[in-house]
Structures are given as structure tokens and as C-alpha cells.
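Here's the structure we're looking at; comments come further down.
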Amino acid sequence: MAQILKHHVLIIAVGSVVLFTNLGAARLWDRDEPRNAGCAAEMMARGDWVVPVFNGELRTAKPVLLYWLIMSAYSLFGFNEFAARFWSALLGLGTVLATYHLGRRLFNAQVAVWAAMLLIASLMFNVSSRASTPDSPLIFFSTLGILVYVYTGFPGLSRSWWAYVLMYAMLGMGVLAKGPVGVVLPVAVIGMHLLIKRLPNREVVDAGRAQSVQRGSWSWERLGKFATPFVRPFAPVHFLRTVWAMRPLTAIGSIGMIALPWYVWVAARTDGLWIERFLWVENFGRATASMENHSGTPLYYFVVLLAGFFPASLLIWPAFRNAVEQLRQQGKTYDAYLLLCCWVGVYVGIFTLAQTKLPNYITPCYPALALLSACFVQNWLCGKFSWSLARIRVGQMIYGLVGVLLALGLLVAAREYLPGDKVVWLIGVVPLSGAVACLLLLHYERRRVMMATFVATGILFCWFLFGLVTSRVAKHQQNHLLFEKVATDHSQSRLASYRCLEPSWVFYSGQRIRPFGNDSLATASFLNASSDHYVITTEHHFQDLQLRVSERVGVLEEVPYFLKKHRLVLLGHVRPAHLTAGIETHKDRN
């Protein structure tokens, strides 16, 4: 009991520092963060907990759970970035603890601690846990559902009806977080594990198959031997028996009890439009066609794993080699390794087949990757798995090389996009110094200290990158100055955009922004109509409007376009004092 308490204190302390440091310091960026945070703000302003709306339009991208969580955080912390990201960080910490308990149940306490720390040290997990997106709730409830499966009946199925209800209820929360993927993929993971585990005795099957191919050709026999391991789990009778053993009626009832009321309610409130767009466009559409230019080759997720799980991705290859060896030995940890391999294989396999590809799609399998990597670490340290020091040295050299390339890349990028913030390149020193320290420790054969140093510098790298560097970079996002100018000039203003619109503008302006697209005539008419009408565009696109707007319309404010080479301008009715000095003053200030 004392050990598990110490482990919890360690995990919560390290996880809290990494996930909560400067959580609200950086302004909302990307496209999804401000959309989600803004949708929750608009729902809260209307007192509507059912229909998601962003910028005055129905938002069908994601279900409602994230918006409910953000709204509750707004009630506690106010309308700010910290509140928008609070639940993502908290549930990310919960996922780390769930991974720890999976490790204890499947293996031992040492593997559990290594897995928790490796998960905290992975880049994409930090992105999901520090962003106002539904990924963190999805990962948490998916992991929790598998944790219930492991604790209540593993390596088989529990006989308790309540165990099934609890497991499927957790997955039902995933359906509220991100839709069908919240239940289909975790159930596929558990189902794949059971399909393989519940196979009939292999010797009997092999004997029967040998008799059936005696009259066949040698090539057909070889083809059969190759295909059999892949086909056997899906034999119709075996497949249906396994599905029935997973109690599908209980699954439908439990998931329906959690998620169905809101889905029915939002369908009724929107005359079925939300359901239609969400299921057919956001789910079926993304699976069958590449949307928003998010496509990729069959190797896409291989590259994503190397980058997203970095620096722990340096352990992926030996981790899977260790898993294969343990599966071949069919020891007492066979079922645990089988489950983890199914977990990774199902997510990577299914999303490789999907036409729309994004790095965050496979993040729910990161707990399994962390556990597999932790198993390799523990077995290597204990001498149960042989992996040469030369290969470990190569991995550490790659670790250091990534640090060098990152430093050089940030130095070049800072000159172009982050004037006055060239120090961000120093983040590359962390993996470089970690690699040097690990190589020195390997030289003296201090394996355990070396591995602890590797994981510690990985955690430090994520803490520096997301806790410190991102907040410095975010200072160059100055869009809020445009909206402060609008608030100063008119308390009752109307905003529009011409040929550009960022979701963050809607969130920080606190009002609907009318997008005119490429319609210069309509934009000019809007500007000329009233002194409380404002338009945001770039200085280049302003040239399209100059011949159409009245002499009273001009540039009121000008700021850099974040991470782009253009500048944004706020157009409106210019006061006489501004006609002569306004633009030059803003240029000098920026």
C-alpha cells in the first residue's frame, strides 16, 4: 500500500507539472481549439446545453461532452484559455493514472511506473492533453473502458453483469466525446483479443487441415499455412460466439443509457440535421474520402508514431521485438502482450484504411505503446530480453541528432516568424544533452540510470516545449489588438471578414463574424453602411476594396498575421485624426 501511494504521488506530481504549467498562458490557436472553446461560450451565453453552435452556425464536427466540460470550467475559472483547456489536462492526467493501473494489473509495479512516465514524455499525448479538443476525453474513457475489462475478468470475460455495464458505460462517455469511434475501436480491441484467445486447440485444427490438403498441391498448402493465422479468428461460428459472449445487448443498453438521450434531443431540436451531418459527413465521409486535404500513404501512421510518440518512439522497435518474443514463449504474460498488440494494431490498422488521416486519430493507442515500451525497458534491465548496447547507442545518437536539427530549425523559423524570440532554439539542447548523458552512462554500463535519464530528459523536453516555449511563441499572436480597438470605438459593433477568417477571431471578439469570402462588392457595401461596421482582412486584400469603399473607410489597426508573412488590418470608418497619422503610428508600433 505504501508503494502504490508513493507511485501515485510521483505520477500526479510529474504529470501536473508537465500538463498544467502555463496551461492558459498561450492564446488559443490551431483551428479546433477556438472553435470548441467558442462553441461552449456561445452555448453558455444562450443557456443552451443541447445544440452546439459556433459563429452563429450549427457545429456538427463533434458531440457535446467537451462543450459541457468547458462550460463547467468557465463557471469556475471564467472565460479564458485555462478554463478551455482545464478538463483536457485533468483527463490527460487521469489517462496516465489509468495506464499505471493497467501496468500493475497486467505486469508489475515497475512496468507500471515506466509506462506512466513514458506516456507523460510523449509529444502527441501532451498536445492532446493541453488542447481544448475532444481527444483527451476520448483517450481517457477508451483507456478506462479497457481498464475495467482488465480488472474485472482478464484474461477472459467477467461473469458479473455489472462489470459489463460499467465497461460499456465508460465507452458510452467516449461516444458523447467523439461519436461512434469512442465505442467501435475499444470494443474492436477487446474483441480482437478475445477472438484470438478463444480459438480452439491449434493441434486439432492443424490435424484436420492436414487431412484436407493431402489431395491438394504443395503451393495451396503453403498458402493455407500462411493465411490460416489471419483467417481463423474470423471463422463465422467462432466470431459470432465471441460477439455474443461480449453481451451486445448489455452494450447497447449501457451505451444507449449514457449517450442516446442527448443524440435524440439534438436530433429533435435540429430536425435531424445535426445527426445527418455528423454521421454522414464527419464519420462516413472522413472514412471513405480524404477531407480538408488530410490524406496520406499507408506509411503515414508509421511516421506519425515516430514523431508523435517521441522521444519514447526510439524504443518502439525493441518494444515490439520484445513483445513478439514474449508471445512466442506463451508465458504467463502472453495475454497481456496480446491485448496490447491488439490495441495498437486495431487503431493503426483501421485508421490506415480510412481515407482521411490526422496525427491525433491514433493517440488513443499511446497508453498501449507506453506499456509495451515499459515492458522492454524492464525486461532489458533485468536481462530477460537481449538488446545490444550498440543499438541503444544508435538510438541515443538519433535522440541527440533530433535535438541538433530541432535547434537549427527553430533558429531559422524564429528569424522569419518570431522576431526577438530566437532563444526558442534552446529547446533542442534538452534532447542533445540527454543523449550525451545517456551515452556516457552506457559507457560505464549504468543501464538503469541511463534509462531513467532518457525518460527524465524526455519529460523535461515536453515541459519546456509545451510549458514554456509555446507561451513565448503565442505572444506573437496579436489578433486581440484588433478586437480591443473595436471595443474602444463602439460597444455595439458588427464584425465581418474578407478573404480570410480564423476561428480564434470569433472567440476573442466575443461576437459573430460575418464571412464575406471573396465578395468585394458586398464587403464594401457593409463597410460603407455604418460607422459601427468593421472588416478584418490582410493589407494585400485591402487593395481589392479601396476603389469600392468611401473615403471615410480606412485602416484602424494593423497587426502581424500569426505565423504568416502577411499583416492583418482592421477596416472601419476613420476619424479625422486618423486620416493623417493613424496608419503610420500603428506601423511604427508593430
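Position 510 of the sequence shown, counting from 1, maps to 510 under the working numbering, and the rest follow consecutively. For each residue, glycine too, the CB sits at the ideal point set by N, CA and C.
Cα-Cα separation between residue i and residue j, rounded to whole angstroms
i: Q511; j: S525; result: 20 Å
i: A84; j: F239; result: 43 Å
i: F591; j: V304; result: Because the chain here runs from 1 to 590, residue 591 falls outside it and cannot be looked at.
i: A323; j: G345; result: 13 Å
i: K485; j: F461; result: 38 Å
i: I196; j: A435; result: 40 Å
i: H8; j: A121; result: 17 Å
i: Q3; j: V165; result: 31 Å
i: S493; j: C39; result: 20 Å
i: Y74; j: V17; result: 22 Å
i: G395; j: L401; result: 10 Å
i: M451; j: P233; result: 38 Å
i: E557; j: L408; result: 34 Å
i: R277; j: P311; result: 38 Å
i: A474; j: T538; result: 20 Å
i: F82; j: A25; result: 8 Å
i: W387; j: L441; result: 16 Å
i: T143; j: I392; result: 30 Å
i: Q326; j: R448; result: 22 Å
i: H476; j: L389; result: 44 Å
i: H566; j: E282; result: 32 Å
i: L119; j: G349; result: 21 Å
Exposure label - residue i; buried when at least 16 CB within 10 Å
i: A374; result: buried
i: G6; result: The sequence as given places Lys at residue 6; Gly does not occur at that position. K6 is exposed by the Cβ-count criterion.
i: T580; result: Bear in mind that a pLDDT of 42 at T580, under 50, signals an unreliable position, so the number given afterwards is only what the model happens to contain. Counting Cβ neighbours within 10 Å, T580 comes out exposed, since fewer than 16 surround it.
i: N479; result: buried
i: D335; result: buried
i: N591; result: Any property of residue 591 remains undetermined from this structure, which presents the chain solely from 1 to 590.
i: D271; result: exposed
i: R35; result: buried
i: P137; result: buried
i: M397; result: exposed
i: E57; result: exposed
i: T356; result: buried
i: A112; result: buried
i: W280; result: exposed
i: L545; result: buried
i: G467; result: buried
i: L90; result: buried
i: A414; result: buried
i: E33; result: buried
CB contact flag (residue i, residue j, <8 Å)
i: V53; j: E42; result: yes
i: L93; j: L19; result: yes
i: A641; j: A354; result: Nothing can be reported for residue 641: it is not among the residues displayed for the chain, which extend from 1 to 590.
i: P63; j: G179; result: yes
i: F516; j: S497; result: yes
i: P367; j: L102; result: yes
i: M167; j: G182; result: no
i: A115; j: A370; result: yes
i: T95; j: F140; result: yes
i: L185; j: Y417; result: no
i: T60; j: W274; result: yes
i: C438; j: V189; result: no
i: F483; j: Y508; result: yes
i: P503; j: R31; result: yes
i: V150; j: L106; result: yes
i: A268; j: V175; result: no
i: K422; j: L406; result: no
i: V424; j: V377; result: no
i: V187; j: I459; result: no
i: I255; j: G172; result: yes
i: A169; j: T152; result: no
Beta-carbon separation (whole angstroms), residue i vs residue j, contact threshold 8 Å
i: L10; j: S132; result: Between S132 and L10 the Cβ distance is about 28 Å, and since that is not below 8 Å, they are no contact.
i: V553; j: L571; result: 6 Å
i: L495; j: I536; result: 7 Å
i: L481; j: V559; result: 5 Å
i: H533; j: R499; result: The Cβ separation is near 17 Å, so there is no contact.
i: I427; j: F464; result: 5 Å
i: V429; j: T457; result: 10 Å between Cβ atoms; not a contact.
i: W161; j: T242; result: No, W161 and T242 are not in contact; Cβ-Cβ is about 18 Å, not under 8 Å.
i: L527; j: V549; result: 5 Å
i: G331; j: L123; result: Going by Cβ atoms, the distance from G331 to L123 rounds to 33 Å, so no, they are not a contact pair.
i: M246; j: G191; result: 6 Å
i: L432; j: V455; result: About 16 Å; that fails the 8 Å criterion.
Below-8 Å beta-carbon distance, residue i vs any chain D residue
i: H443; result: Considering every chain present, this structure includes no chain D. It has just one protein chain.
Cβ contact check for the region 70–82 and the region 273–293: 3 or more pairs under 8 Å: Using a Cβ-Cβ distance cut-off of 8 Å, the region 70–82 and the region 273–293 are not in contact, since fewer than three pairs of beta carbons, one from each stretch, lie closer than that value.
The region 28–45 touching the region 60–75, judged by at least three CB pairs closer than 8 Å: Contact holds: three or more Cβ-Cβ distances are below 8 Å.
Touching by the beta-carbon criterion (3+ pairs, under 8 Å), the region 362–371 and the region 122–129: With three or more CB-CB distances shorter than 8 Å, the region 362–371 counts as touching the region 122–129.
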